[in-house]
Structures are given as structure tokens and as C-alpha cells.
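Chemist: Structure in C-alpha cells, see below.
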Amino acid sequence: MAYLLTRTPRGLSTCGGFLVREDFVMTSARCWGSRMRVILGAHNIRRQERTQQSILVLRAIRHPRYNQQNQLNDLMLLQLENRAKRNRFVRPVALPQSQIRLSPGSLCTVAGWGLVSQQRGTDTLRNVQLSVQRDQECSNYFDTFNGQRQICVGDQIEGKTTFLSDWGWAEARRPALPNPGRSTPCELWPSREGSWIQVPGPRTASSAAPHPAGSQIRSQTADSLARCCPTSVCKLATIVVLQDRMGESQIQRKSPSERNAPEKPGEIISGIESKPHSRPYMAYLEITIDQGNVANCGGFLISEEFVVTAAHCKGRKITVILGAHDIKQEESTWQKLKVKEQFVHPKYNSLTNVNDIMLLKLQTKAKLNHAVGTVPLPTKSTFIQPGKVCRATGWGKTGVNKPGSDTLREVKLRLMKAKACNHFMFYDHNLQICVGNPRKKRSPYKGDSGGPLLCAGVAQGIVSYGRTNAKPPGVFTRISPYVPWINKIVKRK
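When we follow the UniProt record's numbering, the leftmost residue of the sequence shown carries the number 1, and every step to the right adds one.
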């Protein structure tokens with residue numbers, strides 16, 4: 001399974017697909033967009049699982065006879081920029097022989113991440129059983145149905161036929177008529193391309209086991225693969241689209257994804273060691289994530305009770321260390337405080353990193369002194385302009401293949417114009433800052449995530465993400481648009 005992110009004039013849309021070769025994904029022609037990326041190896045689409053592979057689409061090849069009006073030949077191949085790495089979570093699926101035709105009554109399993117109600121999608125992969133119906137069932141109600149290139153699909157239970165609507169399941173004694181402007185429940189059977197079904201996303205279905213055998217990828221308005229079982233032995237014969245209206249129930253604002261997979265920055269490259277305790281607002285985060293694994297991020301103190309960091313630094317449990325310079329040697333200046341509550345921005349999207357900001361409320365108030373202090377935030381109307389030279393600080397790596405730094409380091413970075421970050425798929429200059437001259441080898445990298453960008457002594461940005469090779473510029477969350485949200489939480493009794 002493949003989760004597909006597509007940039008359209010309406011914003012960011014999502015579809016599903018499936019891997020047919022290490023360098024090709026198959027999906028619906030209607031999922032075409034100007035910039036596309038697939039994510040393989042996912043079970044929960046809201047988590048950044050270690051099994052996932054994020055790959056840019058090099059070329060989208062729609063069927064030459066695709067008809068947008070009647071949805072005939074609704075087929076597209078996506079050539080990947082890099083070949084997928086085969087493992088037990090990611091592998092291609094076989095296609096049927098060109099002359100295979102499914103018989104009515106054949107049982108199929110549809111899998112995907114479509115909506116499970118009119119308002120709510122599912123985060124985890126789900127599946128549901130369907131049976132192939134006689135062509136006449138769809139021909140009676142859909143004028144454009146073509147039995148040679150489409151399949152009529154539903155599940156007959158106690159005399160009822162269950163069909164998939166654009167937003168989820170709909171039950172009727174006969175196939176329901178589609179709403180104007182929407183697709184029919186039946187789609188494509190190309191004799192040469194293989195067997196195809198078009199069915200929009202399910203409302204109720206059982207949850208699939210995490211990473212079942214076969215290729216996996218994430219999708220919310222998904223075109224998804226089905227395994228069909230004409231007898232007791234299952235064999236791939238049908239490809240199914242779990243359809244929703246692209247871009248309408250999903251993310252409307254364009255947000256960050258990179259031409260190279262957006263990996264979180266974290267190292268101060270070409271920086272210098274900070275003077276001990278000269279940045280008293282700095283916080284070092286020890287984060288317990290799934291299965292007890294530990295990760296690290298940066299952050300900064302804005303009051304005795306609150307630390308600001310990146311939303312992608314969230315975890316099951318977080319401990320904050322204040323007053324540190326050498327993070328490997330406990331100093332008398334250290335204050336090690338547990339986090340009582342994590343406030344992830346309500347519109348944070350882990351797939352695109354938009355609204356990548358989080359507030360941490362400390363269980364115990366910090367004691368302010370020469371080694372532990374707060375940093376001011378900008379006003380909500382502040383809009384820091386390109387050309388300014390600012391400072392990023394952190395304990396991240398000092399090189400792509402180097403370990404993290406034991407001591408606090410900092411680097412001066414120039415703010416760039418928005419066009420310098422055009423290579424990031426969904427960069428938004430209103431919510432983010434493009435930071436770092438591409439002609440200089442200076443940037444944050446892995447481990448610096450969540451750390452501050454200080455301009456004239458004010459925290460203007462938060463380290464969010466950048467290229468996997470650490471080449472500047474990188475993307476920082478712009479703090480000023482979130483000041484009202486921050487104040488609301490901090491002032492809460």
C-alpha cells in the first residue's frame with residue numbers, strides 16, 4: 001500500500017496506491033497533481049514509523065484515454081525518484097494476467113485509510129470484505145458503466161447490497177445513484193492493465209493488523225489495493241479506489257514536505273561552542289517514545305512553567321533539563337524537571353509538519369538564576385523579514401555522519417526569501433521562515449529540533465525540518481502567528 005501526497009490548486013490532497021515494482025506505484029488518474037510524494041511502509045498514518053519510506057514522484061503517467069467525465073481508464077503510474085527498499089513492510093504486489101476476469105460472487109478484501117464517518121477518517125489501515133456483482137446491477141443505475149473496463153462491487157448481506165459512498169458506507173437494496181459531480185461506485189476493468197474497481201472510502205470496517213504481508217503505504221482519501229478470492233485461495237485480481245473528494249476534507253493549507261524526504265533538522269553544522277550558560281533559556285528534552293525508545297530535542301523556556309518546542313518532539317513522557325552546557329556531565333546548575341502536560345498545536349499535521357509547535361507545562365516551576373532564564377517572544381503582528389542574521393542554538397549533530405554535540409553550540413544564519421525554500425513541497429512563508437544561505441554550510445540538523453531561532457534577542461522561530469543532507473536552507477516554524485495560542489494556554493488557570 002502507498003500513501004500519496006499531492007499538491008493541487010486547492011491545497012494538499014491525499015490518495016492511496018500500491019507498489020507494483022521498486023520504482024513504480026499504481027493509483028487513480030484523478031490523483032494527479034503538480035508535486036507528488038508517496039509514503040511506503042505505514043500502518044498508522046499519523047505516526048512517523050521507522051518502517052516508512054518517503055519518496056518523491058519523478059513522473060506521473062496517466063492513461064492516455066482517461067476520461068474525466070465518465071471516469072473510464074482511471075489509471076495512473078507513478079515513477080519514483082528513488083527505488084523503494086524491499087523488506088517485510090514494503091514490497092511490490094503482483095498484477096493479474098491480462099485476460100483474467102472476475103466472476104460475480106468473487107470475494108475481495110478492500111484495504112485503506114478512508115473516512116469511517118462523514119467527519120472522521122481513520123489513522124490506521126482498515127479493511128472490509130466485498131463481493132463482485134453482476135454487471136447488470138450497475139448498468140441499471142449508471143449510464144456510463146462499462147463492464148469491459150469496470151467492475152460492479154458490493155456486499156450482499158440478508159438481501160441488502162452494501163456499497164461505498166464518497167464519504168463512507170451506504171446501504172441500499174440496490175446500488176445508490178451517485179451525487180452530481182461525484183464518481184460512481186464502479187470503476188475500471190482494463191483488459192490489458194488488469195482488473196480495477198472504483199469504490200469511495202468505507203465508513204465501517206475492521207482494522208487491519210499492523211504491517212500485514214505485502215506492500216504498505218498511507219492514505220486518507222485513498223486509492224487502495226484489493227485482494228480477491230474467486231475460491232478459497234486468494235489472488236490479486238482487483239485494484240480498488242477508496243475515494244473521497246480530494247482536498248476538501250483534508251489539509252487546505254499548503255504545508256511542508258520536501259523534494260527530498262523532510263527529515264527533522266538537528267545538528268549545528270559549522271557553528272561554534274556557546275559560552276557556558278550564556279543561553280540560559282535553552283532546554284534539553286529527553287523524550288520517551290514508543291516501545292521505551294528515547295529521543296532528544298531542544299526547546300526554550302518562556303516562563304517559569306512553560307517550554308516551547310516543536311510538535312514533532314512529542315512523546316509518551318518528556319523530561320526537561322535546564323541550566324545545562326555539557327549535557328553528558330551533570331552540573332550543579334542543572335534543573336531536571338518532568339513535563340506535566342504536552343500541548344501540541346491543534347492543527348499540527350505530522351505528515352506535512354505544518355503548525356510544528358508544542359508547549360510543555362512543567363510539573364515544577366523552574367528556579368530562575370544566572371544559568372536558567374526565559375526568552376521573550378515576538379508580538380503577533382511581528383513578521384521578521386529576509387536578510388536578517390539570526391542565531392540558532394542546540395546540542396544536535398555537528399555533521400551529517402557525526403554524533404551529537406555534548407556541549408551547547410550555536411550558529412549565525414541568514415533569513416532567506418521564500419523562493420529559496422521552493423524546493424520544499426509545501427513551504428508556507430506566512431507560517432514558516434526560510435533560514436540559511438544555500439552557499440554556506442551552516443545549518444541546524446538532527447537533534448536541534450525544537451530549538452529557538454533568536455533575532456535581536458527575541459525567539460522568532462523553532463527548528464522544524466530540512467534536507468536529509470543538512471544542506472541549507474532549512475525550515476523553521478514562525479512563532480508570531482502562534483502567540484495568541486501560546487498566551488491562551490500560558491494564562492490558563
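All C-beta atoms in this analysis are idealised placements derived from N, C-alpha and C, irrespective of residue type, glycine included.
Which whole-angstrom value is the C-beta distance of L415 and G451, which I expect to be below 8 Å?
Modeler: Translated into the one-based positions of the sequence shown, residue 415 becomes position 415. Translated into the one-based positions of the sequence shown, residue 451 becomes position 451. Contact flag wrong, Cβ pair sits at about 16 Å.
Chemist: Grab the span of the alpha helix (DSSP H) containing Q136 for me, first residue to last.
Modeler: Taking the first residue of the sequence shown as position 1, residue 136 is located at position 136. Q136 -> alpha helix (DSSP H) spans D135 to S139.
Chemist: Quick one: what's N293 bridged to in DSSP?
Modeler: Numbered from its first residue, the sequence shown carries residue 293 at position 293. According to DSSP, N293 bridges with nothing at all.
Chemist: From which residue to which residue does the beta strand (DSSP E) around G57 run?
Modeler: Here residue 57 refers to the residue found at position 57 when the sequence shown is read from its first residue. Correcting the residue type first, residue 57 is Val in the shown sequence and not Gly. From DSSP, the beta strand (DSSP E) with V57 extends over Q53 to R62.
Chemist: Determine the contact status of V57 and L75, defining contact as a CB-CB distance below 8 Å.
Modeler: On the sequence shown, residue 57 is found 57 positions in, with the first residue counted as 1. On the sequence shown, residue 75 is found 75 positions in, with the first residue counted as 1. Taking 8 Å as the Cβ cut-off, V57 and L75 do not qualify as a contacting pair.
Chemist: With the cut-off set at 8 Å, would you say L40 and V90 are in Cβ contact?
Modeler: Within the sequence shown, the letter at position 40 stands for residue 40. Within the sequence shown, the letter at position 90 stands for residue 90. Yes, the Cβ-Cβ distance between L40 and V90 is below 8 Å.
Chemist: Okay, do the region 334–345 and the region 355–372 touch, 3+ Cβ pairs below 8 Å being the bar?
Modeler: Yes: the two stretches touch, three or more of their Cβ pairs being nearer than 8 Å.
Chemist: Report yes or no: do three or more beta-carbon pairs, one from the region 57–71 and one from the region 305–319, lie closer than 8 Å?
Modeler: No, the region 57–71 is not in contact with the region 305–319.
Chemist: What did DSSP end up calling V339 once you bin it into helix, strand or coil?
Modeler: Your numbering for residue 339 matches position 339 in the sequence shown. Three-state DSSP puts V339 in a strand.
Chemist: Over the uninterrupted alpha helix (DSSP H) stretch that includes I489, give me the two end residues.
Modeler: On the sequence shown, residue 489 is found 489 positions in, with the first residue counted as 1. Looking at the DSSP string, the run of the alpha helix (DSSP H) that includes I489 is V483 to V490.
Chemist: Would you say V435 and G394 are within 8 Å of each other, going by their C-beta atoms?
Modeler: Start at 1 with the first residue of the sequence shown, and residue 435 comes out as number 435. Start at 1 with the first residue of the sequence shown, and residue 394 comes out as number 394. No, Cβ-Cβ distance for V435 and G394 is not below 8 Å.
Chemist: T374 and Y281: beta carbons closer than 8 Å?
Modeler: Along the sequence shown, one-based indexing puts residue 374 at 374. Along the sequence shown, one-based indexing puts residue 281 at 281. Yes, Cβ-Cβ distance for T374 and Y281 is below 8 Å.
Chemist: Should H423 go down as buried or exposed, given a rule of 16 or more other Cβ atoms within 10 Å for buried?
Modeler: Here residue 423 refers to the residue found at position 423 of the sequence shown. Per the 10 Å Cβ criterion, exposed.
Chemist: Look at the alpha carbon of S464 and the alpha carbon of R30, and state the distance between them as a whole number of angstroms.
Modeler: Taking the first residue of the sequence shown as 1, we reach residue 464 at position 464. Taking the first residue of the sequence shown as 1, we reach residue 30 at position 30. One C-alpha to the other measures close to 32 Å.
Chemist: Have a look at P96 and R37 and give me their C-alpha separation to the nearest angstrom.
Modeler: Along the sequence shown, read from residue 1 onward, the residue named residue 96 stands at position 96. Along the sequence shown, read from residue 1 onward, the residue named residue 37 stands at position 37. Each residue's alpha carbon lies about 26 Å from the other.
Chemist: Are there 16 or more other CB atoms within 10 angstroms of the CB of G16, so buried, or fewer, so exposed?
Modeler: In the sequence shown, the residue the question calls residue 16 occupies position 16. The residue is buried, with at least 16 neighbouring Cβ atoms inside 10 Å.
Chemist: Mind checking who C390 pairs with in its DSSP beta bridge?
Modeler: In the sequence shown, residue 390 corresponds to position 390, counting from 1. C390 is bridged to L413.
Chemist: Taking only runs that begin and end inside the region 297–326, name each unbroken beta strand (DSSP E) of 3 or more residues, in chain order.
Modeler: Within the region 297–326, the complete beta strand (DSSP E) runs of at least 3 residues are 306–309 and 317–322.
Chemist: At a cut of 8 Å, does the region 343–355 reach the region 296–304 through at least three beta carbon pairs?
Modeler: No, because fewer than three Cβ pairs between the region 343–355 and the region 296–304 fall closer than 8 Å, the two stretches do not touch.
Chemist: Over the uninterrupted beta strand (DSSP E) stretch that includes E330, give me the two end residues.
Modeler: Position 330 of the sequence shown, counted from the start, is the residue given in the question as residue 330. Run containing E330: none; DSSP gives neither H nor E here.
Chemist: Could you have a look at R46 and say whether DSSP puts it in helix, strand or coil?
Modeler: The residue labelled residue 46 in the question sits at position 46 within the sequence shown. Coil at R46, not helix or strand.
Chemist: Looking at the unbroken beta strand (DSSP E) that takes in G451, where does it start and where does it end?
Modeler: Residue 451 sits at position 451 when you count from the first residue of the sequence shown. That residue, G451, is in no beta strand (DSSP E); it is neither H nor E in DSSP.
Chemist: Could you pull out every residue in the same chain whose Cβ sits closer than 6 Å to the Cβ of S139, ignoring the five residues on either side in sequence?
Modeler: In the sequence shown, residue 139 corresponds to position 139, counting from 1. Hits under 6 Å: F145.
Chemist: State yes or no: is the C-beta of S278 within less than 8 Å of the C-beta of R409?
Modeler: Position 278 of the sequence shown, counted from the first residue, corresponds to residue 278. Position 409 of the sequence shown, counted from the first residue, corresponds to residue 409. No, the pair does not count as a contact, with Cβ atoms beyond the cut-off.
Chemist: State the CB to CB distance for the pair R316 and I289, rounded to an integer number of angstroms; the pair is presumed to be in contact (CB under 8 Å).
Modeler: Your numbering for residue 316 matches position 316 in the sequence shown. Your numbering for residue 289 matches position 289 in the sequence shown. Right, their Cβ atoms sit about 6 Å apart.
Chemist: Applying the 10 Å Cβ sphere with the 16-neighbour rule, what's the burial state of N369?
Modeler: Translated into positions along the sequence shown, residue 369 becomes position 369. Per the 10 Å Cβ criterion, exposed.
Chemist: Given this structure, state the Cα-to-Cα distance separating R7 from H325, to the nearest angstrom.
Modeler: To locate residue 7, count along the sequence shown from 1; it is residue 7. To locate residue 325, count along the sequence shown from 1; it is residue 325. R7 and H325: Cα-Cα distance of roughly 43 Å.
Chemist: Out of curiosity, what's the CA-to-CA distance linking M425 and L77?
Modeler: Residue 425 sits at position 425 when you count from the first residue of the sequence shown. Residue 77 sits at position 77 when you count from the first residue of the sequence shown. Computed Cα separation, rounded: 20 Å.
Chemist: How should G105 be labelled, buried or exposed, when 16 other C-beta atoms within 10 angstroms of its C-beta is the threshold for buried?
Modeler: Residue mapping note: residue 105 aligns to position 105 of the sequence shown, counting from 1. Per the 10 Å Cβ criterion, exposed.
Chemist: Between the Cα of V372 and those of E286, T122, K336 and D143, spot the shortest distance and give me the residue it belongs to.
Modeler: Sequence index remark: in the sequence shown, residue 372 carries index 372 (1-based). Looking at the Cα atoms, K336 is the closest of the given residues.
Chemist: Can you tell me whether S131 is buried or exposed, with buried defined as 16 or more other CB within 10 angstroms of its CB?
Modeler: Position 131 of the sequence shown holds residue 131. Buried, because 16 or more other Cβ atoms sit within 10 Å of the Cβ of S131.
Chemist: Within 10 angstroms of its Cβ, does S98 collect 16 or more other Cβ (buried), or is it exposed?
Modeler: What you label residue 98 is simply residue 98 of the sequence shown in a count that begins at 1. That one is exposed.
Chemist: Can you grab the Cα-Cα spacing for the pair R439 / V411, in whole Å?
Modeler: For the purposes of this step, residue 439 is taken as the residue at position 439 of the sequence shown. For the purposes of this step, residue 411 is taken as the residue at position 411 of the sequence shown. R439 and V411: Cα-Cα distance of roughly 15 Å.
Chemist: Based on DSSP bridge pairs, tell me the residues matched to N349.
Modeler: Start at 1 with the first residue of the sequence shown, and residue 349 comes out as number 349. According to DSSP, which records beta bridges pairwise, N349 is partnered with V354.
Chemist: For L360, which residues does DSSP report across the bridge?
Modeler: Here the question's residue 360 lines up with position 360 in the sequence shown. L360 pairs with V307 and Q342.
Chemist: Excluding five sequence neighbours on each side, which residues of the same chain lie with their C-beta closer than 7 Å to the C-beta of C297?
Modeler: As a working note, residue 297 is residue 297 in the sequence shown. So the list reads L285, I287, T309, A310, C313, S449 and G450, once near-sequence residues are dropped.
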